[in-house]
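Step one of this worksheet: look at the structure below.
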Amino acid sequence: MAQLWYSLPYPSAHQPLPSARMASEPWTLFLDSCASGGQRGRFDILLRRPRWRVWQQGGQTFLAEGGNAPKTSNDTLISVLRAIAREEQERIRGLDAFPMHYPFAGGFAGFFSYDWGRQMLGIPGPDDPTLPTAALAWYDSAYLVDHLRREAGFWGHADDLLALRAEMAEPSDREETILGDSDVQPMWSAELYRSAFAKVQAYLRAGDVYQLNLAQAFQANWSGTPWQLYRALRQRNPAPFAAFFALPEATLLSLSPERLVSLCDGQLQARPIKGTRRRDPDPLRDRARAAELCASPKDRAENVMIVDLLRNDLGRVAELGSVRVSQLCALESFPAVHHLVSSVEARLHPDCDPWDVLLSCLPGGSVTGAPKRHAVELLQSLEAKPRGFYCGSLGYVDARGRMDWNILIRSLSYRAGQVQYWGGGGIVMDSEADAEYRESLDKVAFITATLSARRDTVPSATACAERRAAETGQ
Numbered sequence: 001m002a003q004l005w006y007s008l009p010y011p012s013a014h015q016p017l018p019s020a021r022m023a024s025e026p027w028t029l030f031l032d033s034c035a036s037g038g039q040r041g042r043f044d045i046l047l048r049r050p051r052w053r054v055w056q057q058g059g060q061t062f063l064a065e066g067g068n069a070p071k072t073s074n075d076t077l078i079s080v081l082r083a084i085a086r087e088e089q090e091r092i093r094g095l096d097a098f099p100m101h102y103p104f105a106g107g108f109a110g111f112f113s114y115d116w117g118r119q120m121l122g123i124p125g126p127d128d129p130t131l132p133t134a135a136l137a138w139y140d141s142a143y144l145v146d147h148l149r150r151e152a153g154f155w156g157h158a159d160d161l162l163a164l165r166a167e168m169a170e171p172s173d174r175e176e177t178i179l180g181d182s183d184v185q186p187m188w189s190a191e192l193y194r195s196a197f198a199k200v201q202a203y204l205r206a207g208d209v210y211q212l213n214l215a216q217a218f219q220a221n222w223s224g225t226p227w228q229l230y231r232a233l234r235q236r237n238p239a240p241f242a243a244f245f246a247l248p249e250a251t252l253l254s255l256s257p258e259r260l261v262s263l264c265d266g267q268l269q270a271r272p273i274k275g276t277r278r279r280d281p282d283p284l285r286d287r288a289r290a291a292e293l294c295a296s297p298k299d300r301a302e303n304v305m306i307v308d309l310l311r312n313d314l315g316r317v318a319e320l321g322s323v324r325v326s327q328l329c330a331l332e333s334f335p336a337v338h339h340l341v342s343s344v345e346a347r348l349h350p351d352c353d354p355w356d357v358l359l360s361c362l363p364g365g366s367v368t369g370a371p372k373r374h375a376v377e378l379l380q381s382l383e384a385k386p387r388g389f390y391c392g393s394l395g396y397v398d399a400r401g402r403m404d405w406n407i408l409i410r411s412l413s414y415r416a417g418q419v420q421y422w423g424g425g426g427i428v429m430d431s432e433a434d435a436e437y438r439e440s441l442d443k444v445a446f447i448t449a450t451l452s453a454r455r456d457t458v459p460s461a462t463a464c465a466e467r468r469a470a471e472t473g474q
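Given below as structure tokens:
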């Protein structure tokens with residue numbers, strides 16, 4: 001049966017969000033631009049009920065078709081993904097009816113953890129036991145929203161569309177009171193951070209690395225559902241590469257501002273972030289902080305180092321001579337922080353595919369250091385526990401070979417009332433311990449504030465729609 005494109009009305013502000021019931025279903029994946037503006041804040045993608053599920057855990061690859069029990073495979077995870085993609089692409093009918101400006105025409109979507117990327121570099125180490133090291137699913141259908149054109153549509157079969165419409169017609173979630181836990185526990189005290197920082201400085205002075213991205217973990221309790229937590233975080237800190245992924249073992253919540261790599265019509269793009277200042281509620285002080293960031297030689301040096309690293313990563317899968325830096329150290333401001341963002345572009349080599357690109361880029365250089373492999377080795381001894389999902393990547397490779405992947409920063413894992421998240425930053429020779437420790441807290445301050453609040457009311461869907469209408473005059 002051919003898949004079809006069904007044009008749908010552009011939703012009101014709250015409707016791209018899944019219902020609480022949808023969000024509780026395993027393998028529901030919501031790729032959320034938060035309508036944050038421009039091309040990177042343009043599309044929302046809601047994916048559910050996959051045809052295939054593939055994951056890696058304990059060094060073993062598992063796959064399951066539909067509702068069948070999982071089987072193990074002796075092939076590598078990437079080999080399994082490629083084989084299923086070839087099989088499914090042969091089944092697809094009607095792809096010429098899919099509007100080509102939309103980002104996802106069915107395909108694989110999911111996440112690779114930082115530890116999966118570390119393993120691909122050949123660096124041994126423990127894994128986070130609470131999550132697979134990678135989990136992806138093949139989705140035949142997708143609900144998509146284009147905030148730039150103010151339109152929406154559904155790609156799939158008629159019976160899937162009817163089921164989605166029935167569920168979206170259900171009454172909106174009522175306003176709920178969310179209870180946070182005030183006892184957020186950092187992995188390190190300021191003193192322990194300074195000790196790790198001193199070791200990093202010793203590596204830098206010895207010339208072992210030029211930059212090292214040191215991070216610390218935080219733990220907290222959450223008495224609500226993971227979907228309630230995601231809504232609260234999204235309200236505080238909308239981000240263009242946000243996502244909500246309900247896995248059987250745990251749930252990933254991401255409010256990431258950073259693209260690892262995208263591929264569209266043969267064109268690759270990476271957008272590394274390096275350089276951070278916390279926003280200030282006073283407009284004059286806020287502009288001063290942004291200006292200070294733009295003028296900082298240290299932050300610019302950090303950014304340029306990672307740009308060079310990514311030029312090398314993309315160069316391994318790009319046409320000769322096609323790698324270029326299209327943006328260097330541009331200021332981009334988000335609700336919680338200012339960042340310096342660069343852009344590296346290239347043409348994909350005809351002998352390479354999207355999976356080759358991911359193998360070349362993971363883990364992302366902006367969250368490891370330079371040179372990458374040795375930085376990852378050193379972080380194994382410094383950080384004392386596996387990063388798991390943190391600094392991995394979440395995104396998709398669609399049936400046309402297009403892809404877009406974030407970096408899992410400003411992100412959390414939720415399991416049985418327990419939440420874990422990380423904060424960190426790049427350290428270079430002229431970094432200062434107290435400033436770097438503060439930056440690791442600043443980047444996740446909106447997460448800590450949400451989890452620490454004794455009472456935080458998440459507005460109802462209707463309230464969100466009314467507020468956005470008032471802001472836009474619609």
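Residues in the sequence shown are numbered from 1 upward in steps of one, following UniProt numbering. The beta carbon of each residue, even a glycine, is placed where N, CA and C say it ideally should be. Computed from a predicted model, the values in this text were never measured in an experiment.
Q.
Based on DSSP bridge pairs, tell me the residues matched to D146.
A. Within the sequence shown, the letter at position 146 stands for residue 146. Per DSSP, F43, E151.
Q) To which residues of the same chain is L370 closer than 6 Å at the C-beta, ignoring the five residues directly before and after it? A) As a working mapping, residue 370 is identified with position 370 in the sequence shown. It is Ala, not Leu, that sits at residue 370 in the sequence shown. The residues are Y210, Q211, M305, L309.
Q | Rounded straight-line distance, which links the Cα of L81 to that of W5 | A | Position 5 of the sequence shown, counted from the start, is the residue given in the question as residue 5. Position 81 of the sequence shown, counted from the start, is the residue given in the question as residue 81. Straight-line Cα distance between these residues: approximately 25 Å.
Q) So, are the CB atoms of V341 and I273 less than 9 Å apart? A) The count along the sequence shown starts at 1 and reaches residue 341 at position 341. The count along the sequence shown starts at 1 and reaches residue 273 at position 273. A contact, by the Cβ cut-off of 9 Å.
Q: Would you kindly report the start and end of the unbroken alpha helix (DSSP H) that includes A318?
A: By 1-based counting over the sequence shown, the position of residue 318 is 318. Where A318 is concerned, there is no enclosing alpha helix (DSSP H), given that its DSSP letter is neither H nor E.
Q: Kindly indicate the opening and closing residues of the beta strand (DSSP E) around G117.
A: What you label residue 117 is simply residue 117 of the sequence shown in a count that begins at 1. Where G117 is concerned, there is no enclosing beta strand (DSSP E), although the alpha helix (DSSP H) it sits in stretches over 114 to 120.
**Q.** Test item: CB-CB of I407 and L260 under 9 Å
**A.** Reading the sequence shown from its first residue, position 407 is the one you call residue 407. Reading the sequence shown from its first residue, position 260 is the one you call residue 260. Yes. Within cutoff.
Q. Is the number of C-beta pairs between the segment 421 to 438 and the segment 52 to 71 that are closer than 8 Å three or more?
A. These segments do not touch.
Q.
So, under 8 Å CB-CB, T76 and Q60 are touching, yes? Tell me the CB distance rounded to an integer number of Å.
A. In the sequence shown, counting from the first residue as 1, residue 76 sits at position 76. In the sequence shown, counting from the first residue as 1, residue 60 sits at position 60. Actually they do not touch by this definition, with Cβ atoms about 11 Å apart.
Q. Less than 9 Å separating the beta-carbons of S256 and A232?
A. Position 256 of the sequence shown, counted from the first residue, corresponds to residue 256. Position 232 of the sequence shown, counted from the first residue, corresponds to residue 232. The answer is no: Cβ separation not under 9 Å.
Q: Please go through the same chain and pick out, in chain order, the residues whose beta-carbon is closer than 7 Å to the beta-carbon of R118, but skip the five residues on each side of it.
A: Start at 1 with the first residue of the sequence shown, and residue 118 comes out as number 118. G125, P363, V376.
Q: Just the C-alpha distance for A433 and G67, rounded to the nearest angstrom, thanks.
A: Position 433 of the sequence shown, counting from 1, holds the residue named residue 433. Position 67 of the sequence shown, counting from 1, holds the residue named residue 67. Answer to the nearest angstrom: the Cα atoms are 51 Å apart.
(Q) Whole angstroms are fine: how far does the CA of E191 sit from the CA of Y437? (A) For this step, residue 437 is matched to residue 437 along the sequence shown. For this step, residue 191 is matched to residue 191 along the sequence shown. Taking the straight line joining both Cα atoms gives about 10 Å.
**Q.** Cβ separation of R271 and S333, assumed to be a contact under 8 Å, to the nearest whole Å
**A.** Walking along the sequence shown from the start, residue 271 turns up at place 271. Walking along the sequence shown from the start, residue 333 turns up at place 333. About 15 Å separates the two Cβ atoms, so there is no contact after all.
Q.
At the level of alpha carbons, what is the spacing between A69 and W52?
A. As a position in the sequence shown, residue 69 is number 69, starting the count at 1. As a position in the sequence shown, residue 52 is number 52, starting the count at 1. Distance between the alpha carbons of A69 and W52 is about 11 Å.
Q) Excluding the five sequence neighbours on either side, which residues of its own chain have a C-beta within less than 7 Å of the C-beta of P18, listed in chain order? A) Mapped onto the sequence shown, residue 18 falls at position 18. Within the same chain, P18 has close Cβ partners T28, F30, L46.
**Q.** Selected residue, minimal CA-CA separation from G388, among V307, G106, Y114
**A.** Walking along the sequence shown from the start, residue 388 turns up at place 388. Out of V307, G106, Y114, Y114 has the C-alpha closest to the C-alpha of G388.
Q. Thinking C-beta only, is D265 closer than 9 Å to R402?
A. Counted from its first residue, the sequence shown places residue 402 at position 402. Counted from its first residue, the sequence shown places residue 265 at position 265. In contact: R402 and D265 (Cβ atoms closer than 9 Å).
Q) In its own chain, which residues sit with a C-beta less than 7 Å from the C-beta of P186, not counting the 5 before and 5 after it? A) The count along the sequence shown starts at 1 and reaches residue 186 at position 186. If the five residues before and after P186 are omitted, its C-beta is found closer than 7 Å to the C-beta atoms of Q216, F218, all from its own chain and listed in chain order.
(Q) Classify N237: buried if its beta carbon has 16 or more other beta carbons within 10 angstroms, exposed otherwise. (A) The residue labelled residue 237 in the question sits at position 237 within the sequence shown. For N237, the number of other beta carbons within 10 angstroms of its own is at least 16, and it is reported as buried.
Q) Fully enclosed by the segment 185 to 265, which beta strand (DSSP E) runs are 3 residues long or longer? A) You should have 211 to 221, 241 to 246, 251 to 256, 259 to 264.
**Q.** Helix, strand or coil at F104 [DSSP, three-state]
**A.** As a first step, residue 104 must be located in the sequence shown, where it is residue number 104. In the structure shown, F104 sits in coil (DSSP, three-state: anything other than H, G, I, E or B).
Q | Coarse secondary structure for residue 480, derived from DSSP in three states | A | Missing from the structure shown is residue 480; the chain here goes from 1 to 474 and no further.
Q | CB of A137 within 9 Å of CB of P248, strictly | A | Working through the sequence shown from its first residue, we reach residue 137 at position 137. Working through the sequence shown from its first residue, we reach residue 248 at position 248. No, these two residues do not count as a Cβ contact at 9 Å.
Q. Between E466 and C34, what straight-line distance do the alpha-carbon atoms span, to the nearest angstrom?
A. Taking the first residue of the sequence shown as position 1, residue 466 is located at position 466. Taking the first residue of the sequence shown as position 1, residue 34 is located at position 34. Any reading at E466 is ruled out, since the residue's pLDDT is 37, under 50, leaving its predicted position unreliable.
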